[in-house]
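Visitor: First, the structure itself, so that you have it in front of you.
Right under this line is the structure:
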C-alpha cells in the first residue's frame, strides 16, 4: 500500500498495487508455461513472478473491479481454456469487466505518455472516454454510450497462407499484450490475454463493421470464433503476431537454454499444457518453420 489519490473514485487514501491485466491470467500463464515465470514484452530476458501493477485503487475500488474479474474468470475464462470456445451467456457484469480493462489500458497511456502528440480527434476523444469509463465503473452513469466495448474469442487458426505468421496460434491463444490503435477512422485500446481480445473504442466512424463482437449492457451470449470484422483488422493481428515472434529473437542464448531445459525437465507436464497444444497446431500448418518462434 502507498498513499495517493484513487484513480477511480478520486479519494485520497492508501492505494493497492493493482494488476493491469487480471492476476488470474498471470497465474494461468505461469502454471501452463514451460517455466513458472513470466516474460513481458518490455524485457523478454527478465523473468518475473507477476504482471504489471500500479498503485491506482483504494480498497473499495479494488474490490469493485475484483468482483467483475471473478465473474469473468469463473464463467468465461477458465471454461474456455478447459473446453474450447463455446456459447456462454453473460450478464451486466461483462460490460463492466471489459470497460475496466480498457480504462486501465488508456489510463496507463495517459499517465506514461499523455495524449498531446496524438492527432485530432483522437487527442480530444480519449480523455472523454477515460472519464466516461471511470464514471460507468462507479455506477454514476448507466451506460458508456458511444465508447463501446468489444470482445473477441479466438478458436485455433487453420489457414496456412504465405502471409500468415508462423506463430499465429501461439499468438492468438496465449500471448498477453496491451496496445493503443490509432487510425483515420478508429481509435481503441487493445487488451489481449490468452484467446481473448478486448477492444475499447474512443473513436469509431463505422460501428456497423464491428457489430458481431459488441458487448451488450444487460445480457447476451458469446459464441466465439466467427465475427464480421473489417479486413484491416486481420492485418493488424498479423502485425502483432509478427512482433510477438520478433521478441523471441531478443531472448539471449542463456535464457533460451533455460527455457529448453525446463521443457525437457518436465516433459509430461508440458505435453498436457496449452503451450504444447498450440505448438502442435502451428507445426501442422507450417512444419518446422513454426519452431523458430517458440
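Residue numbers (this note's numbering): 124 to 417.
Glycine included, C-beta positions come from ideal geometry on N, C-alpha and C.
Using a Cβ-Cβ cutoff of less than 6 Å, which residues in the same chain neighbour residue 227 once the five nearest sequence positions on both sides are dropped?
Guide: These residues qualify, in order along the chain: 143.
Visitor: Going straight from the alpha carbon of residue 351 to that of residue 273, what length do you get?
Guide: Looking at the two C-alpha atoms, the distance is approximately 12 Å.
Visitor: What residues in its chain sit with their C-beta under 8 Å from that of residue 309, if we drop five residues either side in the sequence?
Guide: Counting only Cβ-Cβ distances below 8 Å, and skipping sequence neighbours, we find 324, 326, 327, 328.
Visitor: I need the DSSP call for residue 213, collapsed to helix, strand or coil.
Guide: Residue state, collapsed to three classes: strand.
Visitor: Flag this pair as touching only if the segment 231-251 and the segment 334-354 have three or more C-beta atom pairs under 8 Å; answer yes or no.
Guide: The segment 231-251, when compared against the segment 334-354, does not touch it at the 8 Å Cβ threshold.
Visitor: Hey, residue 223 and residue 177: beta-carbon distance below 8 Å or not?
Guide: Cβ distance not < 8 Å, so residue 223 and residue 177 don't count as in contact.
Visitor: Quick one: give me the first and last residue of the alpha helix (DSSP H) that residue 397 is part of.
Guide: Per DSSP, residue 397 belongs to the alpha helix (DSSP H) from 397-409.
Visitor: Extract the residue ranges of the alpha helix (DSSP H) inside the segment 217-257, only unbroken runs of 4 or more that lie entirely within it.
Guide: For the segment 217-257, not a single whole alpha helix (DSSP H) run of length 4 or above is found.
Visitor: Could you check whether residue 219 and residue 191 sit closer than 8 Å to each other, using their CB atoms as the reference points?
Guide: Yes, Cβ-Cβ distance for residue 191 and residue 219 is below 8 Å.
Visitor: Mind pulling the alpha helix (DSSP H) runs of 4 or more residues that sit fully within the segment 326-373?
Guide: Listed in chain order, the complete alpha helix (DSSP H) runs (minimum 4 residues) inside the segment 326-373 are 354-372.
Visitor: Using the beta-carbon count (16 or more within 10 Å), is residue 344 buried or exposed?
Guide: Classification for residue 344: exposed.
Visitor: Return yes when the Cβ of residue 305 is within less than 8 Å of the Cβ of residue 216, no when it is not.
Guide: No, the Cβ-Cβ distance between residue 216 and residue 305 is not below 8 Å.
Visitor: Restricting to Cα atoms, I'd like to know which of 361, 185, 174 is closest to residue 137.
Guide: The shortest C-alpha separation from residue 137 is found at 185.
Visitor: From which residue to which residue does the alpha helix (DSSP H) around residue 146 run?
Guide: Run containing residue 146: 146-155, per the alpha helix (DSSP H) assignment.
Visitor: State yes or no: is the C-beta of residue 286 within less than 8 Å of the C-beta of residue 409?
Guide: No, the pair does not count as a contact, with Cβ atoms beyond the cut-off.
Visitor: Which residues in the same chain have their Cβ closer than 6 Å to the Cβ of residue 145, if we skip the five residues on either side of it in sequence?
Guide: Within the same chain, residue 145 has close Cβ partners 192.
Visitor: Quick one: is residue 296 buried, meaning 16 or more other Cβ sit within 10 Å of its Cβ, or exposed?
Guide: Buried, by the Cβ-count rule.
Visitor: Alpha carbon to alpha carbon, how far is residue 174 from residue 130? Give it in angstroms, no decimals.
Guide: Taking the straight line joining both Cα atoms gives about 19 Å.
Visitor: Pick from 367, 280, 127: whose alpha carbon is nearest that of residue 208?
Guide: The candidate whose alpha carbon is nearest that of residue 208 is 280.
Visitor: Rounded to the nearest angstrom, what separates residue 356 and residue 318 at their Cα positions?
Guide: Near 16 Å, if we compare the C-alpha coordinates of residue 318 and residue 356.
Visitor: What is the rounded straight-line gap between the Cα of residue 255 and the Cα of residue 264?
Guide: Going from the Cα of residue 255 to the Cα of residue 264 covers about 8 Å.
Visitor: Does DSSP put residue 324 in a helix, in a strand, or in coil?
Guide: If DSSP states are grouped into helix, strand and coil, residue 324 belongs with the strands.
Visitor: Is the separation between the beta-carbon of residue 139 and that of residue 182 shorter than 8 Å?
Guide: Yes. Within cutoff.
Visitor: Helix, strand or coil for residue 183, going by three-state DSSP, please let me know.
Guide: Helix, per DSSP.
Visitor: Give every residue of the same chain whose Cβ lies closer than 8 Å to the Cβ of residue 334, excluding the five residues on either side of it in the sequence, and list them in chain order.
Guide: Only 351 meet the Cβ criterion.
Visitor: Taking the alpha carbon of residue 321 as the reference point, which residue from 234, 206, 225, 195 has its own alpha carbon closest?
Guide: Taking only the C-alpha atoms, the option nearest residue 321 is 225.
Visitor: What is the residue span of the alpha helix (DSSP H) that residue 293 lies within?
Guide: 291-297 is the extent of the alpha helix (DSSP H) around residue 293.
Visitor: Please state the DSSP three-state secondary structure of residue 260.
Guide: Correct three-state label for residue 260: helix.
Visitor: Just mark residue 245 as buried or exposed, buried being the case when its beta carbon has 16 or more other beta carbons within 10 Å.
Guide: So residue 245 counts as buried.
Visitor: Just to confirm the assignment, what range does the beta strand (DSSP E) spanning residue 126 have?
Guide: From DSSP, the beta strand (DSSP E) with residue 126 extends over 125-128.
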